[in-house]
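Novice:
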Ligand SMILES: [Fe+2]
């Protein structure tokens, strides 16, 4: 039986809106999500986004629905940040959450919305470390991403950092899928080129990993194929000219489709390795994925040769080798280094990375990697 003949389950937001200006639907959606109670929304927003006009317009349209705010969430949110949001939201009797920002804002808010639904929430560390079962449902969450890449507005997990145990890991539950997501590409118009490149390469990686993942289905493959097509075609333009409205819209759409795909299929070894490498070297997640992507595509190449060819042809390329070449060319154009030599990878990091790379993503990779094979790859990536 091929991978795509297996049974599968899907978890999507109940409402998904896409397009320039769709943020204006927020107030109505919040009213519906909270009905029959009057809305008391806790807003979590990234600092850089909060100051900009689209966010201020949104805030104005929400008016007295907003009961409390947290502006600013650290990258790779530490558990303490989630506890702060839960405490602040409970203190103002919030009955819904709105997340406006990139992946860190989404992940912290998704976790907070889940914990705040518990009658008396415990510290998030207890859930993160598996000492306590997750609450079965979440308070309603409306998610508005302001970058195009993580897909966290769609997915059922959140990546958090346990500073005390020095690990980055996920909390996951179908209850964490946001009740509604609004993907408005207008928020991405002001993103700096480096963020555009890193988040866009994260999206492309997720689409490519989803396509060949052991959890892929016909549903996820169709979505991933469209995503790869859009991202390969439009990411260079969005990077070169951030004010190009169509490029921004297409990249945001590609990113959304990617999330719909990988949230069903799982990912692969790029993501398995990117979490511990990114944590050890303090690198942006998208950049870490972008460096790893061509290496892992080559590793997986032979065992998914037909899939790569089919996907390459769907993108207007002659075969899978041309697809790999197109990915390498795009990474070079977006100034992604070919390895981690200049980014600080040293032999002293290897044991940590090997110890912490065995996530669900690693298990979904079509060609397994033993610890020795991970070590050989790390040596190559460090230039040793
Ligand atoms: Fe990712």
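Residue numbers (this note's numbering): 135 to 518.
A virtual CB, placed ideally from N, CA and C, is assigned to each residue, including glycine.
Note that the structure is a prediction, hence the values are computed from the model and not measured.
1. Within the continuous beta strand (DSSP E) that includes residue 440, where are the two ends?
2. Based on the DSSP output, what are the partners of residue 293 in its beta bridges?
3. Go ahead and pull the three-state DSSP assignment for residue 175.
4. State the start and end residues of the unbroken alpha helix (DSSP H) segment that holds residue 245.
5. Return the CA-CA distance between residue 267 and residue 224, expressed in angstroms with no decimal places.
6. Does the contact criterion of 3 or more C-beta pairs under 8 Å hold for the stretch 381-397 versus the stretch 452-472?
7. Let me know if residue 343 comes out buried or exposed under the rule of 16 or more other beta-carbons within 10 Å of its beta-carbon.
8. Measure the CB-CB distance between residue 168 and residue 229 and report whether it falls below 7 Å.
9. Does the distance between the C-beta of residue 336 and the nearest non-hydrogen atom of ligand 1 fall short of 6 Å?
10. Report all residues from its chain with a CB closer than 8 Å to the CB of residue 208; omit the five preceding and five following residues, and keep chain order.
11. Tell me whether residue 207 sits in a helix, a strand or coil according to DSSP, three-state version.
12. Grab the span of the beta strand (DSSP E) containing residue 378 for me, first residue to last.
13. How should residue 518 be labelled, buried or exposed, when 16 other C-beta atoms within 10 angstroms of its C-beta is the threshold for buried?
14. If you measure from the beta carbon of residue 156 to each beta carbon in chain C, is any gap under 7 Å?
15. Looking at residue 512: is its Cβ nearer than 7 Å to the Cβ of residue 484?
16. Quick one: grab the DSSP three-state call for residue 500.
17. For a test of the three-state rule: what should DSSP assign to residue 200, helix, strand or coil?
18. Would you report the Cα separation of residue 365 and residue 448, rounded to the nearest angstrom?
19. Note down the Cα distance separating residue 357 from residue 170, rounded to an integer number of angstroms.
20. CB of residue 398 to nearest heavy atom of ligand 1: below 6 Å?
21. Closer than 6 Å: is that where the CB of residue 340 sits relative to any heavy atom of ligand 1?
Specialist: Quick answer:
1. Looking at the DSSP string, residue 440 is not in any beta strand (DSSP E); the run it does join, the alpha helix (DSSP H), is 439-448.
2. 304
3. strand
4. 237-249
5. 20 Å
6. no
7. buried
8. yes
9. yes
10. 215 and 238
11. coil
12. That residue, residue 378, is in no beta strand (DSSP E); it is neither H nor E in DSSP.
13. exposed
14. The chain inventory of the structure shown lacks chain C, comprising one protein chain alone.
15. yes
16. coil
17. strand
18. 13 Å
19. 36 Å
20. no
21. yes
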